[in-house]
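Notes follow the structure.
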DNA sequence: GGCGACAAGGAATGCGCTTTCCCGCCCACG
DNA sequence: CGTGGGCGGGAAAGCGCATTCCTTGTCGCC
């Protein structure tokens, strides 16, 4: 059965196309009650389903929202996506999702595809990469904004458009101070490649804060920005622990929870126990990991809220270009006891 | 700057609209090389971005794919979404995401909204609920299919359309047999409400297989189908363990990993240790949980592959109505040692 | 050299809808 | 009783593109 068009509904109800449109798709002008009833009945009988594409074309606005994340299966991003999706629904919009697998090219292509779909706004979540990649993405986004779109970044600013910033620096600083307050003095930072801005921000802020308060950051280990990176660094950390066993106990700050989890897994295999032999802290407070043993000390950031804020900035009346830094909460748990 | 239209490009290149269209948007007819160059140059200079909405209207096909999941922040669904997204990209399609928060009404609305967007196909992932809700969803999906769409369910069949089935029964049976082979005999099943079909299938198959092989399923605990449900059941399980401490050791089969994790967390608080005092197995093998201690025995199901298969069934030439049951792998780890 | 086949480009139509503009009607008012 | 204003309804003009159909030009072949 071919789909019924609005014209079919109008014919069946014995009214004009214009009237049918006004009845079914919220116009300022509301036709008389009898016509309204007739049109609605006809629509029901024909199983009429509005064609959103045609509507978008005629209205010059799609009601779509583009969300690009680096990896939707990563709990960090899926939490942001959950918040974004909920906020989009609240604003009566649908979300187009792109998961780029951390490929800068795919990221740009996604933004271009969204622009082609004439999305009302695009939200890009994820840490930035090299200046070149960032510039290319910025160009893509700026072109989109210049053509009347809106863009919001969750993470580090790129191009024009608004930004929702995770509290990388403030959170890392607060974590360092909390650990120092517990009397911990010797630290190692486990970070991703320095081109990963999120990692760098957390690393730098933690290091600076620790040193400022009389702590020692013995080393900054660089590894992959992932669970496997943390796992791989386990051997190095174990060695550090052993060779300096006589000194004061060591605390490792892994710049994300998943890196911390990978690290702890490897340490366990090597017979290094947390927190007995070495303490470990993470960052993000990923919900799925909250039941990990030992419970991970970390910095809780409101991931869903970030997604939701980003969408609100994208569709709301907040001035474009605004920067929103969200709050955080240091969580001291067993892993640094 | 207003967006350039294809007409603007054609004007600037001094060709007709038809030619510009043929050059820029893959037609069977390819104009002469000089014209191609002129059109491409003009498009570049004007920053032309095709309007996918208009294209969809003219072509009567949107290149969109609808994906509805119950909760995108749940690793189960986000893994499926990752696979689906990747497959969609491979087929040159964009995915519209709806996360319904396990609300059957939102689920139907999402399908309706997707139908309005004239998506090529919709993929619905998630366990089914009451017969009423299922029927309503089925009606919505069938209407969509009748109008020329395609639908694929990941989970229990609903309405027409293809199905990608998780190996609930076969997996649970295999897990039971593996545990029995290890010599375990006394079981408790921890499931969600019986209206949750996934839970019921796993529960029933496990119970039947265990009993068939001479095992005893002492009890089937019903709780929420979530991490918190598992946590809440911890007290009951602890009591069971204590009151029958003299008998053979107990094994709890929680019908999902996240329930198992919640259960173990509560047991730990109560001083009941896994696997020393009670053994626990889960189902799904959620990646984020693989570093949990003790390592969880479970049934690995290929979540990403399921998402990808669903999309392939949705866009491919597989006969509509096909049922694909995916494979699985029993993972015996420390939690049932 | 003439004819037909074929290719390449352009004009025009239509995809399904919104919205402006216009028309006719009724009412209020002078 | 005449006129202006307001309102309800319909005709029609797009929105930006794909595509059909037509025209023109070119080449091959007898």
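Protein chains in written order, with my numbering: chain A, 20 to 356; chain B, 20 to 356.
Where is the CB? At the ideal position from N, CA and C, for every residue including glycine.
Membership of residue 128 of chain A in the alpha helix (DSSP H) is indicated by the continuous run 123–135. In the displayed model, residue 25 of chain A falls within a helix according to three-state DSSP. Membership of residue 324 of chain B in the alpha helix (DSSP H) is indicated by the continuous run 322–334.
Ranked by Cα distance from residue 257 of chain A, the options A/94, A/176 and A/287 are led by A/287.
If you compare the alpha carbons of B/211, B/345, B/103 and B/259 with that of residue 92 of chain A, the shortest gap goes to B/103. Your pair residue 239 of chain A and residue 208 of chain A checks out as a contact, with CB atoms roughly 5 angstroms apart and the cut at 8 angstroms. Taking 8 angstroms as the upper bound for CB-CB distance, residue 146 of chain B and residue 216 of chain B are in contact here, some 5 angstroms apart.
Using beta-carbon distances, residue 118 of chain B counts as an interface residue toward chain A, with a partner under 7 angstroms. With a cut-off of 8 angstroms on Cβ pairs, the region 329–342 of chain B is in contact with the region 171–191 of chain B, counting three or more such pairs. Beta-bridge pairing by DSSP links residue 344 of chain B to B/184. When the Cα atoms are used, residue 253 of chain B and residue 312 of chain B turn out to be separated by approximately 17 angstroms. Residues of chain B whose Cβ lies closer than 8 angstroms to the Cβ of residue 289 of chain A do not exist, since the nearest Cβ in that chain is about 14 angstroms away. Here the alpha carbon of residue 113 of chain A sits roughly 22 angstroms from the alpha carbon of residue 40 of chain A. Remark: C-beta atoms of residue 98 of chain B and residue 344 of chain B do not approach each other more closely than 7 angstroms.
Per DSSP, residue 356 of chain B is not a residue of any beta strand (DSSP E), being assigned neither H nor E. At a Cβ-Cβ threshold of 7 angstroms, residue 351 of chain B and residue 195 of chain B do not count as neighbours.
No Cβ of chain B is located within less than 7 angstroms of the beta carbon of residue 275 of chain A. For the options B/46, B/119, B/315 and B/326, the alpha carbon positioned closest to that of residue 299 of chain B is the one of B/315. A straight-line Cα-Cα distance of about 38 angstroms links residue 232 of chain A and residue 101 of chain A. As computed with DSSP, residue 85 of chain B is found in a beta bridge with B/115 and B/141. From the beta-carbon of residue 94 of chain A, the residues of chain B found nearer than 9 angstroms are 92, 94, 97 and 307. Each residue's CA atom was taken as its position, placing residue 117 of chain B and residue 127 of chain B some 11 angstroms apart.
Interface annotation, residue 22 of chain B: in contact with chain A, CB-CB separation under 7 angstroms. Separation of residue 294 of chain B and residue 268 of chain B (C-alpha to C-alpha, rounded to the nearest whole angstrom) is 10 angstroms. In the DSSP assignment, residue 303 of chain A forms a beta bridge with A/319. Neighbourhood of residue 81 of chain A in chain B, by CB distance below 7 angstroms: 72, in chain order. In this structure, residue 241 of chain A keeps its C-beta atom at 7 angstroms or more from the C-beta atom of residue 226 of chain A.
If only complete runs of 4 or more residues are kept, the region 187–234 of chain A shows the alpha helix (DSSP H) at 187–200 and 216–231, in order along the chain. Between residue 184 of chain B and chain A, the shortest Cβ-Cβ separation is not below 7 angstroms. Residue 76 of chain A reaches chain B at 70, 72, 73 and 76, counting residues in chain order whose Cβ is nearer than 8 angstroms. At least 7 angstroms separates the beta-carbon of residue 106 of chain A from that of residue 245 of chain A. Each residue's CA atom was taken as its position, placing residue 166 of chain A and residue 21 of chain B some 6 angstroms apart. Between residue 192 of chain A and residue 224 of chain A, the gap from beta carbon to beta carbon is short of 7 angstroms. Counted as a single uninterrupted DSSP element, the alpha helix (DSSP H) harbouring residue 61 of chain B occupies residues 52–65. Contacts with chain A (Cβ-Cβ distance below 9 angstroms) from the region 202–233 of chain B involve no residue at all. With its beta carbon less than 7 angstroms from one in chain B, residue 280 of chain A belongs to the interface.
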